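A.B. asks: I have a structure here, written as C-alpha cells, and I will follow up with some questions on it.
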Amino acid sequence: MSSVQLAVERLQGLFDARAAEVETVIMQAKSALDENAKNCGCTVVAMIQDSGKFDRTSWVSAIEDIEREASSLSQETARTDEMLASLSSTMASIKDGLKKL
Numbered sequence: 002m003s004s005v006q007l008a009v010e011r012l013q014g015l016f017d018a019r020a021a022e023v024e025t026v027i028m029q030a031k032s033a034l035d036e037n038a039k040n041c042g043c044t045v046v047a048m049i050q051d052s053g054k055f056d057r058t059s060w061v062s063a064i065e066d067i068e069r070e071a072s073s074l075s076q077e078t079a080r081t082d083e084m085l086a087s088l089s090s091t092m093a094s095i096k097d098g099l100k101k102l
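Position one of the sequence shown corresponds to residue 2 (this note's numbering), numbered consecutively onward.
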C-alpha cells in the first residue's frame, strides 16, 4: 500500500472519528432541547394544577421562569446549527484535500 493510500485512510479515519464525535454532541444538544421543552411544559401543567395556590406574584415569577427556559431553546438551537455548519465546512475541506491526493 502506498504512502498516499495510507495517508488517505488515516484522514478518512480521522474524519469518521470527528464526524462521530460531532454527531454525539448534536444528539446531546437535541436531547437537552427536548428536556428543556418538556420542563417548560411540566411547569405550565404544574401552574395550572396549582392555580388555586398561586397569587399574582407567583404567576409572574413562574411565567418569567418559563420565558427564560424558552429563550434558552433558541440559543441551544443556534449552537447546534453552528456545530452543523462547522462540521459541513470541515467535511468539505477534508473531501477537497482527499481529492487532491
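Beta carbons are placed, not taken as given, at the ideal position from N, Cα and C, and that holds for glycine. The model shown is predicted, which means the values in this text are computed figures rather than measured ones.
Measure the beta-carbon distance from L99 to L12 and round it to whole angstroms, keeping in mind my assumption that it falls under 8 angstroms.
C.D. replies: Numbered from its first residue, the sequence shown carries residue 99 at position 98. Numbered from its first residue, the sequence shown carries residue 12 at position 11. Confirmed, Cβ separation roughly 6 angstroms.
A.B. asks: Cβ atoms of E77 and A30: under 8 angstroms apart, would you say?
C.D. replies: Position 29 of the sequence shown, counted from the first residue, corresponds to residue 30. Position 76 of the sequence shown, counted from the first residue, corresponds to residue 77. A contact, by the Cβ cut-off of 8 angstroms.
A.B. asks: Between A47 and the ligand ATP, is the CB less than 7 angstroms from at least one heavy atom?
C.D. replies: Looking at this structure, you won't find the ligand ATP or any other ligand, since it has none at all.
A.B. asks: Candidates I95, A93, R69: which alpha carbon is nearest T44's?
C.D. replies: For the purposes of this step, residue 44 is identified with residue 43 of the sequence shown, where counting begins at 1. Taking only the C-alpha atoms, the option nearest T44 is R69.
A.B. asks: Using only the alpha-carbon positions, how far apart do V61 and M92 sit?
C.D. replies: Taking the first residue of the sequence shown as 1, we reach residue 61 at position 60. Taking the first residue of the sequence shown as 1, we reach residue 92 at position 91. Taking the straight line from one Cα to the other gives about 47 angstroms.
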